[in-house]
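For reference, the structure discussed in these notes is given below.
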Ligand SMILES: Cc1ncc(COP(=O)(O)O)c(C=O)c1O
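Below, the structure written as structure tokens:
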């Protein structure tokens, strides 16, 4: 961002294909629900664990969408976005010196939280076959140590776009059981699926997995509600109790009227999801078509709004390619190495923002890649 800001002063404004911030508006019926809640005086302190109406709506949606049963009274916690869910889950599970396994390439904000809490990140190697990343089963055993306490996964997976298959989650659950690990599963892209890909919850694969898994979710991406800061977690009582204490001593939960609107989002009509999904699917095709450049390979995601683009044909130094794209072509993308060495030689392109931003950004990106490949 600093590089972008510095450049902003000296040249034409760069176009960003970097952020995972939906440009679609929050659906009207959700906005109206927040207005109504405000007018009805829903402005007092919320219940620290989350307002009962929202916890009940979360429990209903998990049952409806995934057949998962969580008690709203003590197995669900309402948080300020998935970000606070991840923070409270890690706070409640790790002590200074503990290790957290994180599959690589990994969402860049995970590492900071682990380190803030005095823990260390142990990267879990992944393998990439024809652009699809998955766990490297061999890597499980070699990456665990006596200090490993938890494994933090993300399905659908930012930045790779992989949706873990049931068999993949089953082997992860077996590994977690053998090593005695807590599984923290960030599933915030679960509703943005393409083609016939299906989302599976890490907690749903077995009774043992349910007892050792904390599910993290939020309405940021699925209902275009990033600025509302509203999310939820589900997990067994003993883990949830610790997380609720962390929340009680810090954020005290999202605003009461925001919680009411979130309950309406989860309980209300879901056709807005279908519309958003089809818009993102259209943009995903636009990325594929615009970057159809000899030597460059676009890997379309199974879910989410990031495409990985293989630029090994230019060089293995994705950060250098990114810099040239920014400085000489005015387009901002993320270099794969920002997510760990497993994504070196790749760029991550966001299509969370569409319209002329995407079209012009892709035009510049195509020109920038073509000029570097020749
Ligand atoms: C994998 C992942 N987890 C969590 C977040 C943050 O979500 P929230 O807005 O709900 O805090 C993001 C945002 O980009 C993300 O990509």
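Residue numbers (the working numbering): 1 to 374. Glycine included, C-beta positions come from ideal geometry on N, C-alpha and C.
Pull up the distance between the alpha-carbon of residue 252 and that of residue 78, whole angstroms please.
Start at 1 with the first residue of the chain shown, and residue 252 comes out as number 252. Start at 1 with the first residue of the chain shown, and residue 78 comes out as number 78. Cα to Cα, residue 252 sits roughly 10 Å from residue 78.
7 Å Cβ shell around residue 318 - same chain, five flanking residues per side excluded:
As a first step, residue 318 is located in the chain shown; it is residue number 318 there, counting from the start. Cβ neighbours of residue 318 beyond the five flanking positions: 311, 335, 336, 337, 344, 345, 346 and 347.
Please name the residue in 172, 66 and 158 whose C-alpha comes closest to that of residue 349.
Residue 349 sits at position 349 when you count from the first residue of the chain shown. Out of 172, 66 and 158, 158 has the C-alpha closest to the C-alpha of residue 349.
Hey, which residues come within less than 6 Å of ligand 1, measuring from Cβ to any heavy atom, in chain order?
The set, ordered by position in the chain, is 20, 81, 82, 83, 107, 154, 158, 186, 188, 218, 220, 226 and 231.
Please return the same chain residues whose Cβ sits closer than 7 Å to the Cβ of residue 98, not counting the five positions on each side in sequence.
Here residue 98 refers to the residue found at position 98 of the chain shown. Close CB contacts of residue 98 within its chain, under the 7 Å cut and outside five residues either way in sequence, are with 119, 147 and 149 (chain order).
Please classify residue 109 as buried or exposed, where buried requires at least 16 other C-beta atoms within 10 Å of its C-beta.
Locating residue 109 in the chain shown gives position 109, counting from the first residue. It counts as exposed.
Give me the Cα-Cα distance between residue 306 and residue 73, rounded to the nearest whole angstrom.
Residue numbering aside, residue 306 sits at position 306 when the chain shown is read from its first letter. Residue numbering aside, residue 73 sits at position 73 when the chain shown is read from its first letter. When rounded, the distance between both Cα atoms is 36 Å.
Completely contained alpha helix (DSSP H) runs for the region 296-339, where each covers 4 or more residues:
Counting whole runs of 4 or more residues, the region 296-339 contains the alpha helix (DSSP H) stretches 318-329.
Local Cβ density within 10 Å of residue 87, reported as buried at 16 or more and exposed below that:
Reading the chain shown from its first residue, position 87 is the one you call residue 87. By the neighbour-count rule (16 or more Cβ atoms within 10 Å), residue 87 is buried.
Could you tell me how far apart the beta carbons of residue 171 and residue 213 are, in whole angstroms, since I believe they sit closer than 8 Å?
Numbered from its first residue, the chain shown carries residue 171 at position 171. Numbered from its first residue, the chain shown carries residue 213 at position 213. Their Cβ separation, rounded to whole angstroms, is 15 Å, which puts residue 171 and residue 213 out of contact at 8 Å.
How is residue 47 classed by DSSP in three states: helix, strand or coil?
As a working mapping, residue 47 is identified with position 47 in the chain shown. Note: residue 47 maps to coil in three-state DSSP.
With C-beta atoms as the reference, is residue 266 less than 8 Å away from residue 33?
Counting from one through the chain shown, the residue named residue 266 turns up at place 266. Counting from one through the chain shown, the residue named residue 33 turns up at place 33. Against a cut-off of 8 Å, the Cβ pair of residue 33 and residue 266 comes out as no contact.
Given 8 Å as the limit, is there contact between the region 172-183 and the region 47-62, that is, 3 or more CB pairs closer than that?
no
Within the same chain, show all residues whose beta-carbon is closer than 7 Å to that of residue 63, passing over the 5 residues directly before and after it, in chain order.
To locate residue 63, count along the chain shown from 1; it is residue 63. Answer for residue 63: 69, listed in chain order.
Cβ separation of residue 333 and residue 14, assumed to be a contact under 8 Å, to the nearest whole Å:
What you label residue 333 is simply residue 333 of the chain shown in a count that begins at 1. What you label residue 14 is simply residue 14 of the chain shown in a count that begins at 1. Incorrect: roughly 10 Å between the Cβ atoms, too far for contact.
Please work out which residues of its chain come closer than 6 Å, Cβ to Cβ, to residue 361, disregarding the five sequence neighbours upstream and downstream, and give them in chain order.
Position 361 of the chain shown, counted from the start, is the residue given in the question as residue 361. For residue 361, where only same-chain residues beyond five positions count, the Cβ hits under 6 Å are 15, 17 and 331.
Since I believe residue 162 is in contact with residue 302 (beta carbons under 8 Å), could you give me their beta-carbon distance rounded to a whole number of angstroms?
Numbered from its first residue, the chain shown carries residue 302 at position 302. Numbered from its first residue, the chain shown carries residue 162 at position 162. That belief holds up - the Cβ atoms of residue 302 and residue 162 are roughly 6 Å apart, short of 8 Å.
Nonlocal neighbours in the same chain, by C-beta distance under 7 Å from residue 66, ignoring five residues either side
Within the chain shown, the letter at position 66 stands for residue 66. Apart from the 5 residues on each side of it in sequence, residue 66 sits with its Cβ closer than 7 Å to the Cβ of 201 and 204 in its chain, given in chain order.
C-beta contact flag for residue 105 and residue 342 at 8 Å:
For the purposes of this step, residue 105 is taken as residue 105 along the chain shown, with counting starting at 1. For the purposes of this step, residue 342 is taken as residue 342 along the chain shown, with counting starting at 1. Here residue 105 is near residue 342, since their CB atoms are less than 8 Å apart.
Please classify residue 263 as buried or exposed, where buried requires at least 16 neighbouring CB atoms within 10 angstroms.
Within the chain shown, the letter at position 263 stands for residue 263. Buried, since its Cβ has 16 or more Cβ neighbours within 10 Å.
Which runs of the alpha helix (DSSP H) fall wholly inside the region 204-243 and span at least 4 residues, in chain order?
Segments of the alpha helix (DSSP H) lying fully in the region 204-243: 207-212.
Delimiting residues of the beta strand (DSSP E) encompassing residue 188
Walking along the chain shown from the start, residue 188 turns up at place 188. No beta strand (DSSP E) holds residue 188; DSSP gives it neither H nor E.
Nearest to residue 169 (by Cα), restricted to the options 191, 210, 195 and 192:
Position 169 of the chain shown, counting from 1, holds the residue named residue 169. Comparing Cα-Cα distances from residue 169 to each of 191, 210, 195 and 192, the minimum goes to 210.
Where does residue 29 land, buried or exposed, given buried means 16+ other C-beta within 10 angstroms?
For this step, residue 29 is matched to residue 29 along the chain shown. By the neighbour-count rule (16 or more Cβ atoms within 10 Å), residue 29 is not buried but exposed.
Whose CA, out of 194, 173 and 316, lies closest to the CA of residue 277?
Translated into positions along the chain shown, residue 277 becomes position 277. Cα-wise, what sits closest to residue 277 is 194.
Go ahead and label residue 44 buried or exposed: buried means 16 or more other beta carbons lie within 10 angstroms of its beta carbon, across all protein chains shown.
To locate residue 44, count along the chain shown from 1; it is residue 44. Burial call: exposed.
Please state if the CB of residue 135 and the CB of residue 103 are separated by a distance shorter than 8 Å.
Within the chain shown, numbered from 1, the residue matching residue 103 stands at position 103. Within the chain shown, numbered from 1, the residue matching residue 135 stands at position 135. The answer is yes: Cβ separation under 8 Å.
Counting only the same chain and skipping the five closest in sequence on each side, list residues whose C-beta sits under 6 Å from that of residue 369.
As a working mapping, residue 369 is identified with position 369 in the chain shown. For residue 369, where only same-chain residues beyond five positions count, the Cβ hits under 6 Å are 293 and 296.
Tell me whether the beta-carbon of residue 111 lies closer than 8 Å to the beta-carbon of residue 121.
The count along the chain shown starts at 1 and reaches residue 111 at position 111. The count along the chain shown starts at 1 and reaches residue 121 at position 121. Result yes, Cβ atoms of residue 111 and residue 121 sit closer than 8 Å.
Starting from residue 122, follow the beta strand (DSSP E) in both directions and report where the run begins and ends.
Mapped onto the chain shown, residue 122 falls at position 122. Run containing residue 122: 120-124, per the beta strand (DSSP E) assignment.
Going by beta carbon distance, what residues of the same chain come within less than 7 Å of residue 61, once the five residues before and after it are set aside?
As a first step, residue 61 is located in the chain shown; it is residue number 61 there, counting from the start. Excluding sequence neighbours, residue 61 sits near 266.
Return the first residue and the last residue of the alpha helix (DSSP H) that residue 201 is part of.
To locate residue 201, count along the chain shown from 1; it is residue 201. Unbroken run through residue 201: none, as it is neither H nor E.
Among 130, 198, 190 and 93, which one has its Cα closest to the Cα of residue 113?
In the chain shown, residue 113 corresponds to position 113, counting from 1. Here the closest residue by C-alpha is 93.
Pairwise C-alpha distance: residue 85 and residue 231
Sequence index remark: in the chain shown, residue 231 carries index 231 (1-based). Sequence index remark: in the chain shown, residue 85 carries index 85 (1-based). When rounded, the distance between both Cα atoms is 7 Å.
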